[in-house]
Amino acid sequence: MSEPIIERLPIVRIVDDGRRAIMELPFEAAPELGTEAALMSLARERGVVVDRAVNEAIRLLAARHTSRAAGDEGVVEAVIASAQPAVDGSDARVDWMPEFRACARAACESDDSGAQENRDSATPVDHYNRIKRVKIIAGTVLGVLVPPDGGCDGQDVCGRSIAARRGRKLALQPDGSVQVEADGSIRALKDGVFSLARLKIAVLDELEVKGCVDYSTGNIDFVGTVKVSDGVRDNFTVRATGDVLVRGLVESADLIVGGDCVCERGVAGRSKGHLIVDGSLTAAHVNGVRGRIRADMNIDREIVGCDFVVGGNVCVTRGSIVGGSLVVGGKLKAVSIGTEGGVTTTIRAGLRPIELGQAARLAALITTLAKESAPLIEREEEIGLLGDRASAADKERVTELAYEIAEVQRRLQLLAQHRARLLLEAGTQRVLRIEVDRVIYAGTVLAVGNQIARFNDSVKGPLLISWDENRKLQLRVGTGRVQDLSEVASVREVAA
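Basically my numbering = 1-based index in the sequence shown + 1085.
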């Protein structure tokens, strides 16, 4: 007796949490159940959203079923529908301007010490300049805050919503030095240095260094004020547009200061350190330093073996000026000058070194500009000699040359006027007043204008060196009479 034929029905399986619909069509299914229309109805009964793609998938499945090869009695199946996936939203972010990206990246990676070590081992590192500080001027756009995106919800095969992950807000914390504008632009409100730490964004105009300026900090290059709680180690540089305060010892280092500079424990430069200060310098002592101080110089104990140009007054409250060279634009006051051993100590006074230096640089610039204008004038004259033979291009070139020459001459006139003002200041504001409490030692040299006075013997103080109305050097010891300096020192005149 033959086995009965068991009829099996087509089915639709919803799998992967509704992300796929699979239709299975067995060989034993009744012919009327394997038609495209019947299968479409089955899909709808199972809740599948039927669209053009589902319709096409069912049509292909029905065609495969009706065109089975001989002996193919298995189940024909196909994925007839797939979910439309959700598109997750993006978190808020800051698109930094190119010049700030490296700093922002470093701030984000600051806790990843292992990665930093790997980079350091693979790439040569300048340990003096490994910490980068980006300077900013007010109004600079640092970056753009991009708001979070809500994403787009998806849909499973039955039409149910698949929720997208919403983008998260960025808890950016700008301080009063920056502002986030309506269009998302992050703009600096003052000059300073870019700072980013744990989403706190700021433009700093004051930097406090806890400890020394050394390999842990690198060189300092800062827009604003710098305060160092300890010292500055050998070969490092501190550069600041504002004031600088160093509470420890400044060693053989370079300080370049746009404001006033205070070195509470002094400077031991060992003939390698440099101090360039646009304001005043206050220090416990300076030893083996070269530099330029635009305003006043106030030293508590001593100046030893230094070469300084000072635009203002110099005061050594409790000590001496020993060795080296000191150019003073104002008054000079010290306990003593020189040493018993006769170390040569040179003092240049009675001039305005800063103004004279600026005038000299302007003179060099004027000479350079005049040389640059000479070929222009020569070419203008050559074209002028052509007369009626000059082409249209020549005439146009003459017009251009006339403008260029006029512009150069305008600049030359402005520079010459500025130089004349500086020379007038240097001539009318000269002062000579040197006060020494105890002694000027033999070996001290005083240069005033074209007069050079050499002290071959020590002169005890208190004493005052000045000049009379004829610019002749004079000396007064204590409350005694005023005498010519030539009575106690060898004075000679040199060619101007």
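Glycine included, every Cβ here is placed at the ideal spot set by N, Cα and C. Everything numeric in this text was worked out from a predicted model, so none of it was measured.
Taking the alpha-carbon positions, what's the aspartate 1345 to phenylalanine 1307 distance?
-> Aspartate 1345 and phenylalanine 1307: Cα-Cα distance of roughly 14 Å.
Which residue from Val1100, Glu1520, Ser1175 puts its Cα closest to that of threonine 1033?
-> Look at the range of the chain in this structure, 1086 to 1581, and you will see that residue 1033 is not part of it.
Assign glutamate 1184 to one of two classes, buried (16 or more other C-beta atoms within 10 Å of its C-beta) or exposed (fewer than that).
-> That one is exposed.
In three-state DSSP terms, what is lysine 1545?
-> DSSP places lysine 1545 in strand when its eight states are reduced to three.
Can the beta-carbon of leucine 1461 be found closer than 7 Å to that of glutamate 1489?
-> The Cβ atoms of leucine 1461 and glutamate 1489 sit closer than 7 Å to each other.
What is the DSSP secondary structure of glycine 1316, reduced to helix, strand or coil?
-> Residue state, collapsed to three classes: coil.
Which residue from Gly1239, Leu1124, Arg1377 puts its Cα closest to that of valine 1172?
-> Ranked by Cα distance from valine 1172, the first of Gly1239, Leu1124, Arg1377 is Gly1239.
Taking three-plus beta-carbon pairs below 8 Å as touching, is the segment 1390-1397 in contact with the segment 1493-1504?
-> Output reads no: the segment 1493-1504 does not touch the segment 1390-1397.
By Cβ distance, which residues of its chain are closer than 6 Å to glycine 1277, with the 5 residues on each side in sequence left out?
-> Taking C-beta separations shorter than 6 Å and ignoring five residues to either side along the sequence, the partners of glycine 1277 in its chain run Ile1221, Val1288, Leu1289, Asp1290, Val1308, Gly1309, following chain order.
Residues in its own chain within less than 6 Å of valine 1362 by CB, not counting five upstream and five downstream?
-> Short of 6 Å from the beta carbon of valine 1362, and not among the five residues preceding or following it, lie these beta carbons of its own chain, in chain order: Val1342, Cys1346, Ile1378.
Would you call the CB atoms of alanine 1527 and serine 1543 closer than 7 Å?
-> Between alanine 1527 and serine 1543, the CB-CB gap stays under 7 Å.
For glutamate 1492, which of helix, strand or coil comes out of DSSP?
-> In this structure, glutamate 1492 counts as helix in the three-state DSSP scheme.
At least three beta-carbon pairs within less than 8 Å, the segment 1502-1517 to the segment 1427-1446 | With the rule of 3 Cβ pairs closer than 8 Å, the segment 1502-1517 counts as touching the segment 1427-1446.
With a CB to CB cut of under 7 Å and the five nearest residues on each side skipped, what residues in its chain are close to valine 1219?
-> Take valine 1219, set aside five residues on each side of it, and the residues of its chain with a beta-carbon closer than 7 Å to its own are Glu1184, Phe1185, Cys1188, Val1278, Phe1279, in chain order.
Going by beta carbon distance, what residues of the same chain come within less than 8 Å of aspartate 1205, once the five residues before and after it are set aside?
-> Its pLDDT being 49, under 50, aspartate 1205 is placed unreliably by the model, and nothing is read from it.
Test item: CB-CB of proline 1116 and arginine 1093 under 7 Å | Proline 1116 is not a Cβ neighbour of arginine 1093, given a cutoff of 7 Å.
How big is the Cα-Cα spacing for alanine 1501 and isoleucine 1451?
-> Approximately 7 Å, taken between the alpha carbons.
Proximity below 7 Å, CB of arginine 1590 to CB of valine 1231 | Outside the modelled stretch of the chain, which goes from 1086 to 1581, sits residue 1590, for which no answer is possible.
In DSSP terms, what leucine 1110 is bridged to | Partner residues in the beta bridge of leucine 1110, as assigned by DSSP, are Val1161.
Sufficient close CB pairs (3 or more, under 8 Å) joining the segment 1241-1254 to the segment 1290-1299 | Taking 8 Å as the limit for Cβ pairs, the verdict is that the segment 1290-1299 does not touch the segment 1241-1254.
State the Cα-Cα distance for the pair alanine 1368 and leucine 1360, rounded to the nearest angstrom.
-> Straight across, the Cα-Cα distance linking alanine 1368 with leucine 1360 is about 11 Å.
DSSP three-state call for arginine 1515: helix, strand or coil?
-> For arginine 1515, the secondary structure class from DSSP, reduced to helix, strand or coil, is coil.
Exposed or buried, asparagine 1555, counting other C-beta atoms within 10 Å across all chains shown (16 or more means buried)?
-> So asparagine 1555 counts as exposed.
Run the CB neighbour count on cysteine 1237, radius 10 Å, all protein chains shown included, and call it buried at 16 or more, exposed below.
-> Exposed is the label assigned to cysteine 1237, since fewer than 16 other Cβ atoms lie within 10 Å of its Cβ.
For leucine 1284, I'd like the list of residues in its chain whose CB is within less than 8 Å of its CB, leaving aside the five on either flank, ordered along the chain.
-> Excluding positions up to five away in sequence, the list reads Leu1255, Ala1256, Leu1257, Gln1258.
Beta-carbon proximity list for valine 1579, same chain, < 7 Å, skipping 5 on both sides = Asn1535, Ile1537.
Around the C-beta of threonine 1484, are 16 or more other C-beta atoms found within 10 angstroms, so that it is buried, or is it exposed?
-> Residue burial is scored here from C-beta neighbours: threonine 1484 has fewer than 16 other C-beta atoms within 10 angstroms and is therefore classed as exposed.
May I ask you to list the residues that DSSP assigns as paired with isoleucine 1432?
-> Partner(s): Leu1411, Leu1531.
Identify the residues that DSSP records as bridge partners of glutamine 1536: which are they?
-> Glutamine 1536 pairs with Val1533, Glu1578.
Please work out which residues of its chain come closer than 6 Å, Cβ to Cβ, to arginine 1504, disregarding the five sequence neighbours upstream and downstream, and give them in chain order.
-> For arginine 1504, same chain residues with a beta-carbon under 6 Å away, outside a window of 5 residues either side, are Ala1444, Leu1447 in chain order.
May I have the straight-line CA-CA distance separating glycine 1199 from alanine 1282, to the nearest angstrom?
-> Confidence at glycine 1199 is low in this model, with a pLDDT of 44, below 50, so the placement of that residue should be treated as unreliable; the coordinate-derived value is given next. In this structure, the alpha-carbon of glycine 1199 lies about 19 Å from that of alanine 1282.
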